[in-house]
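Numbering (this note's numbering), first residue to last: 37 to 460. Beta carbons are placed, not taken as given, at the ideal position from N, Cα and C, and that holds for glycine. Being a predicted model, the structure only gives us computed values, none of them experimental.
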Ligand code: SF4
């Protein structure tokens with residue numbers, strides 16, 4: 037039986053109990069959320085990792101993307117990226133490798149990761165073969181990843197012939213920016229055939245069920261620029277994904293849904309709510325929303341802005357974006373920065389998220405007290421990136437116990453001293 041089967045049979049499994057304890061949520065409540073599909077706990081049957089629930093009423097999670105490319109293939113650097121991301125708070129990592137010995141990289145990342153690991157199997161099937169890959173190559177990649185211990189997989193099953201008609205009939209500037217979506221479209225056009233992940237979706241679910249892999253339904257049609265945001269092709273795919281969510285759950289397999297790409301701030305709310313509604317409240321795994329196309333070099337910030345707004349509207353899982361987005365394969369330092377910025381956005385969401393708000397608020401209160409006491413060590417302890425905060429503070433020191441911004445005119449100190457005097 038899969039975790040979903042067991043939750044639906046009213047069993048509070050070890051994973052649910054441990055996850056409930058870590059999140060500070062009642063175990064029976066979490067079981068009900070898992071049983072309904074509103075929360076997923078991605079964990080391959082063969083892996084020993086701490087359960088990481090994603091969805092409603094639990095802490096907002098973040099994923100870090102790592103992996104080689106055809107141009108840069110250092111396995112040791114990718115392992116370092118995984119550990120840096122996990123050390124800085126990544127709840128999951130995805131191996132998106134497309135260069136070198138892909139299986140070697142994946143095995144090593146699985147060994148080095150104490151958190152759930154995700155992949156996009158079509159990358160492995162397509163590497164070096166692109167549209168010459170066969171339907172068997174796709175399913176073999178899925179099976180091999182599942183057998184290796186992958187906990188969740190992005191599958192672009194929503195890209196089908198019907199969606200392709202909407203794409204070609206539309207007026208997008210950037211046709212397809214999802215790598216998996218583009219490979220699927222290219223394969224369908226070259227082979228004049230339906231997407232195998234769509235036409236043989238039940239076979240995919242059999243494999244996922246065997247290894248208890250969570251399916252992340254990929255958004256192959258996610259818009260790649262502000263001008264294309266929330267368009268017909270995207271929503272047609274979301275409608276299809278909604279049907280696949282039901283099919284996935286009926287097979288006893290957990291699933292999430294990915295979206296929504298580049299979106300201006302005023303389009304995020306209705307976009308996210310529509311995806312959640314059409315996909316029966318499946319956990320929403322955010323790619324973006326990047327809120328402007330004009331900030332290459334700063335897209336970790338554009339997506340954190342979008343992520344925070346999307347989180348307020350019901351999104352559950354942020355995919356970290358690095359400063360290298362749209363420009364190059366990220367370095368270890370890009371991964372560190374992207375992870376920290378995503379973590380900030382996730383915490384900002386949690387401060388307003390029902391079920392987790394109190395816990396998040398207590399962390400901010402602790403920081404406020406440390407600030408009031410001008411207790412710098414306690415402030416660095418509370419900070420999301422304490423090392424950076426300490427290094428800035430110590431670069432430009434003050435002669436007193438304040439910081440060098442206001443020195444003796446420190447508002448906190450002046451007000452505190454005055455109020456103390458008044459109370460005597
Ligand atoms: S010196 Fe100014 S910036 Fe620094 S802690 Fe005091 S009020 Fe804040």
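query                                                                                                                                                                                   : result
Look at the Cβ atom of residue 350, then the Cβ atom of residue 320, and state whether they are nearer than 8 Å.                                                                        : yes
Indicate the three-state DSSP secondary structure (helix, strand or coil) for residue 284 in the structure shown.                                                                       : helix
What number of angstroms, rounded off, separates the C-alpha of residue 35 from the C-alpha of residue 124?                                                                             : Summary: the structure shown does not reach residue 35, with the chain confined to residues 37 through 460, and so no result is reported for it.
Quick one: is residue 442 buried, meaning 16 or more other Cβ sit within 10 Å of its Cβ, or exposed?                                                                                    : exposed
What residue range does the alpha helix (DSSP H) around residue 107 cover?                                                                                                              : No alpha helix (DSSP H) contains residue 107, which DSSP labels as neither H nor E.
Rounded to whole angstroms, what's the CA-CA distance from residue 182 to residue 80? Just pull it up for me.                                                                           : 7 Å
Does the segment 110 to 124 come into contact with the segment 169 to 186, if we say contact requires no fewer than three beta-carbon pairs (one atom in each stretch) closer than 8 Å? : no
Tell me whether the segment 69 to 76 and the segment 134 to 148 touch, counting them as touching only if at least three CB pairs, one residue from each stretch, are closer than 8 Å.   : no
If contacts are defined as beta-carbon pairs under 8 Å, then residue 144 and residue 98 qualify, I think. What distance do you get, rounded to the angstrom?                            : Not a contact, Cβ separation roughly 22 Å.
I'd like to check one pair, residue 383 with residue 357: are the Cβ atoms closer than 8 Å?                                                                                             : no
Which residues neighbour the ligand SF4 when neighbourhood means a C-beta less than 5 Å away from any of its non-hydrogen atoms? List them by chain order.                              : 438, 439, 441, 442, 446, 447, 448
For residue 458, count the other beta carbons within 10 Å of its own beta carbon; 16 or more makes it buried, fewer makes it exposed. Which is it?                                      : exposed
Around the C-beta of residue 447, are 16 or more other C-beta atoms found within 10 angstroms, so that it is buried, or is it exposed?                                                  : exposed
So the candidates are 340, 318, 428; which of them puts its Cα closest to the Cα of residue 328?                                                                                        : 340
If you draw a straight line from the alpha carbon of residue 47 to that of residue 290, how long is it in whole angstroms?                                                              : 16 Å
For the segment 49 to 69 against the segment 217 to 229, are there 3 or more C-beta pairs whose distance is under 8 Å?                                                                  : no
Smallest Cα separation from residue 100: which of 444, 368, 363, 213?                                                                                                                   : 368
My understanding is that residue 78 touches residue 152, with C-beta atoms under 8 Å, so please give their C-beta distance in whole angstroms.                                          : 4 Å
Where does residue 313 land, buried or exposed, given buried means 16+ other C-beta within 10 angstroms?                                                                                : exposed
For residue 171 and residue 379, I'd like the C-alpha separation in whole angstroms.                                                                                                    : 38 Å
Kindly provide the ranges of any beta strand (DSSP E) runs that are 3 or more residues long and lie completely inside the segment 69 to 125, ordered along the chain.                   : 97 to 102
In the segment 337 to 367, which residue ranges form an unbroken alpha helix (DSSP H) of at least 4 residues, counting only runs that do not cross its ends?                            : none
Residue 61 by DSSP, collapsed to three states: which one?                                                                                                                               : coil
Report buried or exposed for residue 451, applying the criterion of at least 16 other Cβ atoms within 10 angstroms of its Cβ.                                                           : exposed
Using DSSP with H/G/I as helix, E/B as strand and the rest coil, what is residue 291?                                                                                                   : strand
So is residue 389 buried or exposed if we call it buried at 16+ other beta carbons inside 10 Å?                                                                                         : buried
In or out: residue 460 buried (at least 16 other Cβ within 10 Å) or exposed?                                                                                                            : exposed
By Cβ distance, which residues of its chain are closer than 6 Å to residue 90, with the 5 residues on each side in sequence left out?                                                   : 76, 97, 319, 352, 353
Contact check, residue 255 vs residue 288 under 8 Å by CB: the rounded distance?                                                                                                        : Not really, about 24 Å apart at Cβ, beyond 8 Å.
Run the CB neighbour count on residue 266, radius 10 Å, all protein chains shown included, and call it buried at 16 or more, exposed below.                                             : buried
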